[in-house]
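Here's the structure we're looking at; comments come further down.
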Amino acid sequence: MNKIKAALSWFLKDKKRLIICLIIIGLIVFGYIRFIDKKAPTTQIQTASVEKGTIISTVSASGSILTANTLPITTSATGVVKKVYVKDGQTVYQGQKLAEIELDSEGAQANASAYANLVSASNSLQSAQNNLRSAEATLDRVYDDIKGHDTDETLIMKETRTKAEVSHDNAYDQVRSAQLNLASVSLSYRNTSPVITALNSGTVGNVTIVEGMNLSSTSSSTSSQGSGQRVAVIVIKGTPIASFNISEVDVSKVTQGQKTTIILDSISDKTFTGKVVSVDKMGVTSNGVTNYPVIIQFDTESTDILPNMAATANIILESKSGVLIVPSSAVTSANGHGQSTVKVIRMGNQESVSVETGLFSTTHVEIISGLSEGDTIVTGTINTSTASQQASVFSTVRFGGAFRGR
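In UniProt numbering, the protein residues as written are 1 to 406.
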């Protein structure tokens with residue numbers, strides 16, 4: 001108690017000290033009052049109106065261009081150009097000889113190595129096909145043995161059947177892998193060949209080689225057709241074709257004839273249209289994931305589209321016009337996972353309403369029943385607050401300078 005009296009006596013002896021103390025206390029009290037007086041964070045709802053419109057249900061897939069209107073002709077062969085048989089504007093047929101190269105030692109060695117790889121890949125494919133035929137025969141025998149035992153299949157029968165099915169699937173995957181490998185080494189062999197031929201029928205353009213020209217490995221550059229030097233292009237008639245991978249979840253929804261929109265990574269400012277021409281129901285399994293190739297043909301020709309360009313397709317599954325639609329964020333427990341509900345604003349209050357949904361797009365949901373056009377619905381909420389609410393009470397206390405003592 002004596003210490004407190006001594007401290008007060010010390011402050012009261014000097015008016016300046018007393019004033020400073022009172023100012024500090026006042027600022028602290030003022031800041032605290034402001035802090036507790038701030039409004040607590042409020043929740044603001046976002047709303048939208050139920051309206052009639054068009055909804056499009058799609059499946060998105062990534063892929064690449066298989067054939068285009070402009071096909072680059074490349075070669076990885078090294079040596080001297082011996083003969084050029086074509087010129088710009090000339091019409092050629094598939095397989096026609098375009099030029100010949102007299103290979104140097106490096107080119108001859110590369111060609112011989114590519115040929116050896118081609119023979120090996122061809123033999124591997126033949127072996128894989130033989131294994132597949134054997135696995136198919138074994139599976140057929142197993143199915144014959146268990147025929148009539150659908151309801152009383154023994155454990156041994158089940159194990160035998162499962163083993164035969166797995167062996168068959170593995171053999172099929174090996175065939176597909178061998179086919180892809182053969183296609184790859186065939187391309188390498190063609191690129192190292194001393195004879196350059198036309199990949200397709202069409203019109204030759206941009207011939208960049210002349211007789212006597214030296215082709216070396218340093219002059220080669222990577223093109224869309226692989227590693228090699230571009231020597232010409234062939235412009236062909238017909239619309240481009242692309243292949244896209246569809247997941248096993250969506251493949252059952254995709255059918256021949258469905259319309260699509262396509263965007264190319266390299267031409268992102270333009271949207272192309274096309275249609276599905278085929279769906280591979282066998283699928284390709286890689287790293288435990290199965291995808292199903294879908295072939296899409298463009299509606300129009302374009303010289304801007306080149307082989308192997310990356311693309312994204314949106315396959316239109318179904319579309320409806322003049323139906324009730326709401327933003328996807330307004331619907332809860334939809335897509336078949338329980339009862340779908342929407343919160344509706346009625347008489348200033350939120351009311352949860354059960355709805356029947358139809359088509360789903362990436363942004364909207366079709367409402368078949370439960371809502372009416374013009375209804376106000378809740379699409380989300382926002383927590384509103386001010387930055388000062390999170391500041392320290394002392395952030396409101398500012399000192400313009402220091403006090404100097406006598």
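By construction, the Cβ of each residue, glycine as well, lies at the ideal position given by its N, Cα and C atoms. Computed from a prediction, not measured in an experiment: that's the story for all the values here.
Practice task
Could you have a look at N245 and say whether DSSP puts it in helix, strand or coil?
Solution key: strand
Handout entry: Helix, strand or coil at E159 according to DSSP, with G and I counted as helix
Key = helix
Handout entry: Rounded distance between the beta-carbons of P240 and I101, thought under 8 Å
Key = No, I101 and P240 are not in contact; Cβ-Cβ is about 30 Å, not under 8 Å.
Problem - Euclidean distance between Cα positions of T290 and S243 - result: 15 Å
Handout entry: alpha helix (DSSP H) segment containing N123, residue limits
Key = 105-145
Exercise for the section: Could you say if the region 307-315 and the region 243-263 meet the contact criterion of at least three C-beta pairs nearer than 8 Å? Expected result: yes
Handout entry: Rounded distance between the beta-carbons of T260 and V276, thought under 8 Å
Key = 6 Å
Handout entry: Contacts around T386, its chain only, beta-carbon distance under 6 Å, and the 5 residues preceding and following it disregarded
Key = Low local confidence applies: a pLDDT of 47 at T386 is under 50, so the model's placement there is unreliable, with the coordinate-based value given in what follows. Cβ neighbours of T386 beyond the five flanking positions: none.
Exercise for the section: Determine the direct distance from the alpha carbon of T91 to that of Q174, and round the result to whole angstroms. Expected result: 40 Å
Practice task
Measure the C-alpha to C-alpha separation of A99 and Y85 and round it to an integer number of angstroms.
Solution key: 6 Å
Problem - Unbroken beta strand (DSSP E) run spanning V86, endpoints - result: Element bounds for V86: n/a, residue is neither H nor E.
Practice task
Given a cut-off of 9 Å, decide if L317 and K237 are closer than it, judged by their beta-carbon atoms.
Solution key: no
Practice task
Counting only runs of 3+ residues fully inside the UniProt domain "YknX-like beta-barrel" (245-314), write out the beta strand (DSSP E) ranges in chain order.
Solution key: 259-264, 267-279, 284-286, 289-298
Exercise for the section: Report the residue from V365, S268, V80, T154 whose alpha carbon sits nearest the alpha carbon of E356. Expected result: V365
Handout entry: Which of helix, strand or coil DSSP assigns to A198
Key = coil
Handout entry: Local Cβ density within 10 Å of residue 414, reported as buried at 16 or more and exposed below that
Key = Given a span of 1 to 406 for the chain in the structure shown, any question on residue 414 remains unanswerable.
Exercise for the section: Identify every run of the beta strand (DSSP E) within the region 322-358, keeping only runs that are complete inside it and at least 3 residues long; order them along the chain. Expected result: 340-346
Handout entry: Inter-residue spacing [alpha-carbon to alpha-carbon] between P72 and V233
Key = 4 Å
Exercise for the section: With G53 as the anchor, note down where its beta strand (DSSP E) starts and where it stops. Expected result: 51-67
Practice task
Drop a sphere of 10 angstroms on the beta-carbon of D375, count the other beta-carbons inside from all chains shown, and report buried for 16 or more, exposed for fewer.
Solution key: buried
Practice task
Starting from E366, trace the beta strand (DSSP E) both ways and give me its first and last residue.
Solution key: 364-369
Handout entry: Cutoff 6 Å; reference E351; Cβ partners in own chain excluding five residues on either side
Key = V344
Exercise for the section: Just mark G63 as buried or exposed, buried being the case when its beta carbon has 16 or more other beta carbons within 10 Å. Expected result: buried
Handout entry: Proximity below 9 Å, CB of A164 to CB of L139
Key = yes
Problem - Of the residues S49, L199, D169, T162, the one placed nearest G288, counting alpha carbons only - result: D169
Practice task
Run the CB neighbour count on T54, radius 10 Å, all protein chains shown included, and call it buried at 16 or more, exposed below.
Solution key: exposed
Exercise for the section: Starting from I73, follow the beta strand (DSSP E) in both directions and report where the run begins and ends. Expected result: 70-75
Handout entry: Distance CB(L306)-CB(I367) smaller than 9 Å
Key = no
Practice task
With hydrogens ignored, establish whether the beta-carbon of G370 is closer than 8 Å to any heavy atom of the ligand SAH.
Solution key: Of the ligands one can find in the structure shown there are none, so the ligand SAH has no counterpart to examine.
Practice task
Please name the residue in V326, T197, V207 whose C-alpha comes closest to that of D88.
Solution key: V207
Exercise for the section: Could you tell me which residues DSSP pairs with Q46 in its beta bridges? Expected result: G380
Handout entry: 8 Å CB neighbourhood of Y93 in its chain, flanking five on each side removed
Key = A198, S201
Practice task
Write down the C-beta distance between I56 and S340 rounded to the nearest angstrom, noting that I regard them as a contact closer than 8 Å.
Solution key: Not really, about 20 Å apart at Cβ, beyond 8 Å.
Problem - Alpha carbon of T154 to alpha carbon of L187, nearest angstrom - result: 50 Å
Exercise for the section: Look at the alpha carbon of D250 and the alpha carbon of V59, and state the distance between them as a whole number of angstroms. Expected result: 7 Å
Handout entry: Close Cβ partners of T160 (< 7 Å) along its chain, the five nearest in sequence each way excluded
Key = V142
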